[in-house]
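In what follows, a single structure is set out as structure tokens and then discussed.
In the UniProt record's numbering, the protein residues as written are 1 to 146.
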């Protein structure tokens, strides 16, 4: 009987330790997502400044590539957070609860097509909520070509 109590206490302690490790890892990932979201906002601002300064399409394309890279990193970390939450048997929590979104931010994007100088305005997007942003026009064109 004493062995049963000790075994049960040991299993409980192991579960608590495992859950603590999962929470630590999840928190670390959330902090990374927060930092990457700030980087993404900076890239959108840089893209807007470059667009308004009349930068070459190559410069704009380079910034868009960086935006895609950061966006993919955020998505990968959010998937890891969801997996951790799922493995722990808990509902996934918003991976970035402290980021404030800006609903009035309009993000310029490079348009590929018939526009005069190859540049156009995309639909308004949320810089801090990359999941709600419109795909870049070059991504749309690739989809049409498939």
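Built from N, CA and C at the ideal position, the CB exists for glycine as well.
Remember, predicted model here, so these are calculated numbers, not experimental data.
Non-local C-beta neighbours of residue 50 in its own chain, meaning closer than 8 Å and more than five positions away in sequence, comprise 59, 60, 63, ordered along the chain. When the alpha-carbon of residue 44 is set against those of 30, 70, 25, the nearest one is in 70. Per the C-alpha coordinates, the member of 41, 55, 87 positioned closest to residue 67 is 41. Beta-carbon to beta-carbon, residue 30 and residue 74 are separated by about 11 Å, too far to satisfy the 8 Å threshold. Shown here, residue 13 sits in a helix according to DSSP, grouped into three states. Secondary structure of residue 54 (DSSP, three-state): coil. Under the three-state reduction of DSSP, residue 45 is assigned to helix. Ranked by how close their Cα comes to the Cα of residue 78, the residues 48, 46, 65, 36 have 36 in first place. The Cβ neighbour count for residue 26, taken over all protein chains shown within 10 Å, is at least 16; the residue is labelled buried.
Put simply, the backbone Cα of residue 9 is about 16 Å away from that of residue 20.
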